[in-house]
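Trainee: So the number in the numbering used here is just where the residue sits in the sequence shown, counting from 1, plus 724.
I have a structure here, written as structure tokens, and I will follow up with some questions on it.
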Amino acid sequence: MSGAQVAGPAAEQRRPRATEVEQHGIDTIPDAERTSRPFDLFRIQFGGANTFATVILGTFPVLLGLDLVEAVAATVVGVVVGALILMPMGLFGPRTGTNNAVSSGAHFGVRGRVLGSFLSLLTAISFYSISVWVSGDALVGAATRLFGTGDSDLLRGVIYAVLGALVIVVVIYGYQLMLLVNKIVVLANTTLMLLGLVTYATLFDPSYDPGPDAYALGSFVLSALIVMGNPVSFGAFLGDWSRYIPAGTRPSRLLGATFVGQLATLVPFLFGVGTATLVAGEADYVFALIQVSPLWYAVLLMVFAFLGGMSTGVTSLYGTGLDFSSVFPRLNRVQASLVIGTLAFVFILVGRLVFDLLASVNAFIGAIVICTTPWMVIMVIGYWVRRGYYSPEDVQVFNQGRVGGRYWFSDGVNWRGMAAWIPAAVVGLLFANYPPLIEGPFRNAAGGVDISLPMSLGLAAVVYLALLFAFPEPRYVFGPDDPRLVPARETVAQPVTDDPRASVHRAGRRGPVQPAAETADR
């Protein structure tokens, strides 16, 4: 089916209203309902990151001791490198019609793709928590400034609960309402941050320098890695949104939408860098910034905080609720979203009121980068060697309570992908340095410079390619064309049958059931 054939009829279909509850789970989105465009993919990414949560990440280079020029350079490096790694992850949704965790079954096996679900859960809880934390803190700070309410754990807890509940409401309604929220946030929060340039012009010192002994290469690299965590965190979620884009859309448009969307996040990142210099040395950045702001802008920061908390929280939680409804088939999309949202809210309270917020953010962002990047690398290499071929029906087998198909491999797991990811993630953690929670035994192997990412990324690529050569995959996973670069072996796919161990009917569309046969990848 050509791009023109798909885009034409799909574009004619009526978009569901934002107030309609989304009916789809992780089943394949029909062609007629793929009404989104690459520009929507751009808006969701930019809107989801155009928030106080990203601003907080932008303050880290200054907190780690860099001067203004060095902090800006580390931020730009982190965003650009992260965007380049992320770009191909938007290609899977239009090809498979489902999210990236389910799509990963083509490379990790339809059961092994649960790894992607775990990574999306880790990412969702982290960024949902960050968004509610910092947005709630901003609202508390503004209320204290405007109404003299004072600061207390009770007030913070109540505001966290209200924000968290509103996020869950949007998630329950689904994709279209999430898209509307992000459209608003793209315009509103960008305008508010640009107003900030005028607001803080008289306070800002472009020559800010923490001192001659503050800079260290390790601080620069760590700052860039923390910033990089933001674009990398989208890797598990791009398919949640790109699955609504027609299958015939040119890959270059999808790649461009993701890259530009991530470059646009330099707006909140650099806002964080600049404003961090205004309150350097203060324990609570958000609270301190509101106190030094003019009263009129403190009011606008409340709007910024509310919209941003909604946007980041929704984009983080939506995909995980969507995906875990397939991992735990007794839960539908709405029920899974409520369960994950409740767990995340408990994490918010414990993390904010018991542990150190910045240390928690630092550690979780580090874990996301180290564990998710090799998974993404394996996915991208798999996409390239298979020339972008995927079977939308076969990636859904596990979700439908069936066995067999192109991606069954060995009892539902492709050990090639797993055998590449596990050592890459472990080695990355051994070299990681995200104090005080993650301090690997080899963190000083490069003189204090964090080399966990190149170690993890490089090892995943080398091991996965080596396994594809040493143990060729079945030719049927490559579709009608020959594989690119790697060999393939001739064998027959196991036909799709009902799984006798499945106790419930899983979400998704069921195809014709075929006779059973022995698995071909044993």
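We put the beta carbon where it would ideally sit given N, CA and C, even for glycine.
What residue ranges within the region 1148 to 1203 form continuous alpha helix (DSSP H) runs of no fewer than 4 residues, ordered along the chain?
Mentor: You should have 1176 to 1194.
Trainee: Rounded to whole angstroms, what's the CA-CA distance from A1060 to V1093? Just pull it up for me.
Mentor: Answer to the nearest angstrom: the Cα atoms are 25 Å apart.
Trainee: The alpha helix (DSSP H) that contains R819, what's its start and end?
Mentor: That run of the alpha helix (DSSP H) goes 816 to 820.
Trainee: If I measure Cβ to Cβ from V943 and keep anything under 7 Å in the same chain, skipping five residues before and after, which residues do I get?
Mentor: First, the residue type needs correcting, since residue 943 is Ser and not Val in the sequence shown. Excluding positions up to five away in sequence, the list reads L788, G789, L790.
Trainee: Below 7 Å CB to CB, which residues in the same chain sit around W1108 once its five sequence neighbours on both sides are set aside?
Mentor: Closer than 7 Å at the Cβ level, and outside the excluded window around W1108, lie R1208.
Trainee: Alpha carbons only, please: which of A1217, R835, T775, L792 is nearest the one belonging to A1004?
Mentor: A1004 has its Cα closest to that of L792, out of A1217, R835, T775, L792.
Trainee: What is the residue span of the beta strand (DSSP E) that G1128 lies within?
Mentor: Note, G1128: beta strand (DSSP E), 1126 to 1129.
Trainee: Considering D1222, what are the terminal residues of the beta strand (DSSP E) in which it resides?
Mentor: Unbroken beta strand (DSSP E) run through D1222: 1218 to 1222.
Trainee: Assess contact between the region 1106 to 1120 and the region 796 to 805, defined as three or more Cβ pairs (one per stretch) separated by less than 8 Å. Is contact present?
Mentor: With a cut-off of 8 Å, the region 796 to 805 and the region 1106 to 1120 do not count as touching, because too few Cβ pairs lie within range.
Trainee: Among R967, D933, V922, which one has its Cα closest to the Cα of G817?
Mentor: Ranking R967, D933, V922 by Cα distance to G817 puts R967 first.
Trainee: Going along the chain, which residues of its own chain have a beta-carbon closer than 8 Å to the beta-carbon of L815, five neighbours each way excluded?
Mentor: Cβ within range, chain order: S966, P975, L978, L979, Y1107, G1112.
Trainee: In whole angstroms, what is the alpha-carbon distance linking A867 and V1173?
Mentor: Answer to the nearest angstrom: the Cα atoms are 41 Å apart.
Trainee: For A1029, which of A756, T775, F1071 has the nearest alpha-carbon?
Mentor: It is T775.
Trainee: Only counting the same chain, and skipping five residues up and downstream in sequence, which positions put a Cβ closer than 7 Å to that of A1100?
Mentor: Going by the sequence as given, residue 1100 is Met instead of Ala. Result list for M1100: I809, M813, G959, in chain order.
Trainee: Would you mind giving the Cβ-Cβ distance between G1129 and V1220, rounded to the nearest angstrom? I have them listed as a contact below 8 Å.
Mentor: That belief holds up - the Cβ atoms of G1129 and V1220 are roughly 5 Å apart, short of 8 Å.
Trainee: Could you tell me the alpha carbon to alpha carbon distance between I969 and V800, rounded to whole angstroms?
Mentor: Rounded to whole angstroms, I969 to V800 spans 29 Å at the Cα level.
Trainee: Out of S931, G972, A988, which has the shortest C-alpha to C-alpha gap to G998?
Mentor: Minimum Cα distance to G998 is reached at S931.
Trainee: Please determine, among L946, G963, M1026, L919, the residue with the shortest C-alpha to C-alpha distance to V991.
Mentor: Of L946, G963, M1026, L919, the residue nearest in Cα terms is L919.
Trainee: Please go through the same chain and pick out, in chain order, the residues whose beta-carbon is closer than 8 Å to the beta-carbon of V1016, but skip the five residues on each side of it.
Mentor: Same-chain partners within the cutoff: L927, L1002, V1003.
Trainee: Just reading off the alpha helix (DSSP H) that E794 is part of, what are its end residues?
Mentor: Unbroken alpha helix (DSSP H) run through E794: 792 to 810.
Trainee: Could you give the distance in angstroms between the alpha-carbon of Y1188 and the alpha-carbon of N1056?
Mentor: Spanning the two alpha carbons is a distance of roughly 34 Å.
Trainee: So for S931, helix, strand or coil by DSSP?
Mentor: Three-state DSSP puts S931 in coil, outside helix and strand.
Trainee: So Q900 is in the alpha helix (DSSP H); what residue range does that whole segment cover?
Mentor: Taken as a continuous stretch (DSSP letters only), the alpha helix (DSSP H) holding Q900 covers 899 to 923.
Trainee: Can you check the region 1051 to 1120 for any alpha helix (DSSP H) of at least 4 residues that lies completely inside it and give the ranges in chain order?
Mentor: Qualifying alpha helix (DSSP H) stretches, in chain order: 1057 to 1077, 1081 to 1109.
Trainee: Can the beta-carbon of M1142 be found less than 9 Å from the beta-carbon of Y1042?
Mentor: No, the pair does not count as a contact, with Cβ atoms beyond the cut-off.
Trainee: Please report the Cβ distance between G860 and L904, rounded to the nearest whole angstrom; I am assuming they are in contact, meaning their Cβ atoms lie under 8 Å.
Mentor: The Cβ separation is near 23 Å, so there is no contact.
Trainee: If you draw a straight line from the alpha carbon of Y1158 to that of A885, how long is it in whole angstroms?
Mentor: Cα-Cα distance, rounded: 29 Å.
Trainee: For R1054, is the classification buried or exposed, using 16 other Cβ atoms within 10 angstroms of its Cβ as the cut-off for buried?
Mentor: The residue is exposed, with fewer than 16 neighbouring Cβ atoms inside 10 Å.
Trainee: Just the C-alpha distance for A830 and F1133, rounded to the nearest angstrom, thanks.
Mentor: For A830 and F1133, the distance between alpha carbons rounds to 9 Å.
Trainee: Considering only the alpha carbon of each residue, which of R741, V956, R835 lies closest to G1136?
Mentor: The shortest C-alpha separation from G1136 is found at R835.
Trainee: Let me check understanding here. Comparing Cα to Cα, which of S828, F784, L916 lies closest to V1201?
Mentor: Selected option, being the one with the closest Cα: S828.
Trainee: Report the CB separation of G898 from E757 in whole angstroms; it is logged as a contact under 8 Å.
Mentor: Not confirmed; about 12 Å, so no contact.
Trainee: Grouping DSSP H, G and I as helix and E and B as strand, with all else coil, what is S760?
Mentor: Coil.
Trainee: Which first and last residues belong to the alpha helix (DSSP H) in which N1123 is found?
Mentor: Note, N1123: premise wrong, no alpha helix (DSSP H); not H, not E.
Trainee: Could you check the C-alpha separation between P1147 and F832 for me, to the nearest Å?
Mentor: Going from the Cα of P1147 to the Cα of F832 covers about 15 Å.
Trainee: List, from N- to C-terminal side, the alpha helix (DSSP H) runs of 4 residues or more that fit wholly inside the region 963 to 1004.
Mentor: Fully enclosed alpha helix (DSSP H) runs of 4 or longer: 975 to 988, 990 to 1000.
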